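Scroll down for the structure; my scribbles are underneath it.
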Amino acid sequence: MSLSVKPKTNSTLFNRKLQALALTLCIAGATASMTATVSAATSLTIVADRAKIVRIAGDVASVIVGNPSFADVSVQKKFLIIHGRNFGQTNILVLDQEGETIADLEVTIIKGPDRNISVYSGGARASYACAPKCESTLQVGDSTGYFDGVRKSIETKMGLAQRAGQLTAK
1344 MSLSVKPKTN STLFNRKLQA LALTLCIAGA TASMTATVSA ATSLTIVADR AKIVRIAGDV
1404 ASVIVGNPSF ADVSVQKKFL IIHGRNFGQT NILVLDQEGE TIADLEVTII KGPDRNISVY
1464 SGGARASYAC APKCESTLQV GDSTGYFDGV RKSIETKMGL AQRAGQLTAK
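Adding 1343 to a residue's 1-based position in the sequence shown gives its number in the numbering used here.
Laid out in structure tokens, this is it:
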């Protein structure tokens, strides 16, 4: 039994290098699409109840959120994690150690392409998240009675979970 091995030709090596380059570019493109790098005035769109990572060109010393009811920010050395809280617009100023503005972000918070539905009954609105089963959720604009009922249920559940955590920690 004889075995023959074909020597690698220049075209085979070239194809492999080209494939490796294409893969590297795809990975770099995917990573870049998950985060945005900003260094001056920039407009961002963030889906409500979602977070977005924003890289900053320079070390972040402090952050000023124009209206914290629309967006919340967590700060790391060279990036921000912006969480969309409510639909609307605000701005976020990012300052360095000298107090100079290194980024001025115009942020728009939008409703995402989620599976939320609103049910209207006698002028009162109730919101549900359907993924795949519909469950009660809270949205700005829900009727006061519905909103308060769901909020109290959530607070009760969170309180029970916190107390259970405290018991297991002892």
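Ideal Cβ placement from N, Cα and C applies to all residues, glycine included. These numbers were taken from a predicted model, which means no experiment stands behind them.
Counting along the chain, phenylalanine 1490 sits inside the alpha helix (DSSP H) bounded by residues 1487-1512. Look at arginine 1468 here: in three-state DSSP terms it is strand.
Here arginine 1428 is buried: its Cβ has 16 or more other Cβ atoms, across all protein chains shown, within 10 Å. Going by beta carbons, leucine 1481 and valine 1462 fall outside the 8 angstroms limit. Taking C-beta separations shorter than 7 angstroms and ignoring five residues to either side along the sequence, the partners of glycine 1455 in its chain run Val1390, Ala1391, Arg1393, following chain order. For the pair of segments examined, the region 1460-1478 was found not to touch the region 1432-1452: the number of CB pairs separated by less than 8 angstroms stays below three. In terms of Cβ geometry, isoleucine 1425 and valine 1397 form a close pair [threshold 8 angstroms]. By the neighbour-count definition (other C-beta atoms within 10 Å, threshold 16), isoleucine 1460 is an exposed residue. Looking at the backbone, the Cα of serine 1386 and that of glycine 1484 are separated by about 26 angstroms. Excluding sequence positions up to five before and after serine 1417, its CB lies within less than 6 angstroms of the CB of Ile1424, all in the same chain and listed in chain order.
The beta-carbon separation of alanine 1414 and valine 1408, rounded to 6 angstroms, stays under the 8 angstroms limit for a contact.
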